[in-house]
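Participant: Numbering of the sequence shown is given in the working numbering, commencing with residue 2 and proceeding in unit increments. Even for Gly, the Cβ is constructed at its ideal location relative to N, Cα and C.
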Amino acid sequence: NMKPNETQLKTIKAHLLKFKTISSWEAIKKYRITRLSAYIFVLRDTGFNIISQWNVNKKSRFVVYTLKK
2 NMKPNETQLK TIKAHLLKFK TISSWEAIKK YRITRLSAYI FVLRDTGFNI ISQWNVNKKS
62 RFVVYTLKK
């Protein structure tokens, strides 16, 4: 089991607190973070209410994570 990178975890947490949503593509493009689901798992484990929503278009399918109150 890989321990999450604390800096990347803080980056994802800060992004969610500010913008409320993030997708894998956003995480890669903005922050060069490729293991978003692992960080979402850790944040959920520490009490964050984050829902996953699959988005599907002609080219791809991806998850958007949304932080709920």
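In terms of residues, what are the limits of the beta strand (DSSP E) holding F63?
Facilitator: 62 to 69 is the span of the beta strand (DSSP E), which, as asked, contains F63.
Participant: Of the residues L10, I41, K30, R33, which one's Cα is nearest the Cα of I51?
Facilitator: It is I41.
Participant: Drop a sphere of 10 angstroms on the beta-carbon of L68, count the other beta-carbons inside from all chains shown, and report buried for 16 or more, exposed for fewer.
Facilitator: It is buried - the Cβ of L68 has at least 16 other Cβ atoms within 10 Å.
Participant: Less than 8 Å separating the beta-carbons of L44 and K14?
Facilitator: Yes, the Cβ-Cβ distance between L44 and K14 is below 8 Å.
Participant: Excluding the five sequence neighbours on either side, which residues of its own chain have a C-beta within less than 7 Å of the C-beta of S53, listed in chain order?
Facilitator: The residues are V64, Y66.
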